[in-house]
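Down below is the structure, laid out as structure tokens.
In the UniProt record's numbering, the protein residues as written are 1 to 452.
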């Protein structure tokens, strides 16, 4: 087998397309058993992880089928002559039940309160709000944000410390470029982390080094043997495992950063939604001099609002603002003023409290429906649960079965959380499904998991 590397494809994409073409042409007929991933990797001279990812993707697409212990075979429904484009169009573009991770409940967006806040913003907006403003963001919003973050999240921050962005993605882009410009070449990341975040760091020229994750969060002691100038963490709710960085590791991490002159980039992922135990404050509140803290309204309000914030150590602030000016100047002024109004009137606090109760009830329903024989992680906080699995093919099989039911789920391998793909698991988001369909979504989830 020769891997198709046309069009600048990488090894994984090339292997996937080679197998698709072999099935389309009839060279691999339905029921054909494929070589074990280890054997095929050895024959092709590539990593086993690349083969595992390719097999998993094709199982999810319906080209292959695989069950733990029985190998991987060409699926009966993968008929010759169908094109990849035709198959992709045949897959559901809208899920009957959306239980993918990282998505809030769009029907719970506070439309009335947001509309009233927008009207107020229009009424009081000065003329300069309709012109080019400061890359740092509107002072009105930064002032209200500083008060809210100190009160609700325990940050040590002033309006001058904050930069308004369009979300954590932009905040990370700004930090990655700024650190690269200051000479940082190596950045540590959690071994299980978002593929997009790794992509952003690499695009800025950084070499990435992974540190492990366990029940106490990131294994920060591994940083001692790594010559890194920065580390990106999700300490309050590690994404996707849900682990919380322990107090001992927090202190060790900050000592390391101080001693090395390093920067900790803190993604406060789902920080507002903790259901069990007391809220956990961010690292920034312990040492704002070494922590760049990023937050967003993507989960508390909606991703479409496109508002986030970045609290930057003082010695990096001007450089980060310069990067912001080169990126897109500033976020929409009227949306900033509307959000400032929600914060000023405490409407935002009330909305977050309501959503916390709403999501807690949903979490409880999902936990009650999951088979007791399955291990579930991450239930104490956030908007999703992780079901770890031993076999990558089991993850692919569950995602494939869910897809046939119109049920959208996430996967450690399928969504690129692991690099290399040495861990498998299904990620269940319980926030996005519409209220009228949530109970049926949970029933479908239980049915899919129960068949595996």
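Yeah, the Cβ is synthetic: ideal placement off N, Cα and C, and Gly gets one too.
Quick caveat: nothing in here was measured; it's all calculated off a predicted structure.
When DSSP states are grouped into helix, strand and coil, residue 423 belongs to the coil group.
Its chain contains 229 as the residues whose beta carbon lies nearer than 8 Å to that of residue 183, once the 5 sequence neighbours on both sides are disregarded; these appear in chain order. Along the region 187 to 237, the beta strand (DSSP E) occurs as fully enclosed runs of 3 or more residues at 207 to 211, 230 to 233, listed in sequence order. Under DSSP, residue 390 shares a beta bridge with no residue. Proximity to residue 161 across 138, 177, 181 peaks at 138, based on C-alpha coordinates. Put simply, of 174, 339, 429 the residue whose alpha carbon is nearest the alpha carbon of residue 407 is 429. Annotated as proximal: residue 146 and residue 157, with beta-carbon spacing under 9 Å. In this structure the region 432 to 448 lies against the region 103 to 119, because at least three pairs of beta carbons, one per stretch, are closer than 8 Å. Of all C-beta pairs linking the region 264 to 283 to the region 231 to 251, three or more are shorter than 8 Å, placing the two stretches in contact. Residue 97 is bridged by DSSP to 407. The alpha-carbon separation between residue 241 and residue 335 amounts to approximately 33 Å. Between residue 313 and residue 288, the C-beta spacing is below 9 Å.
When the beta-carbon positions are compared, residue 58 and residue 11 stay at least 9 Å from each other.
Pairing residue 216 with residue 249 gives a Cβ-Cβ distance under 9 Å. An exposed status is given to residue 346, since fewer than 16 other beta-carbon atoms sit within 10 Å of its beta-carbon. Within the DSSP bridge table, the entry for residue 72 names 66 as partners.
By the CB criterion at 9 Å, residue 209 and residue 186 fall inside the cutoff. The secondary-structure analysis by DSSP pairs residue 308 across a beta bridge with 165, 296. When secondary structure is reduced to three states using DSSP, residue 344 falls in the helix class. Between residue 333 and residue 204, the CB-CB gap reaches or exceeds 9 Å.
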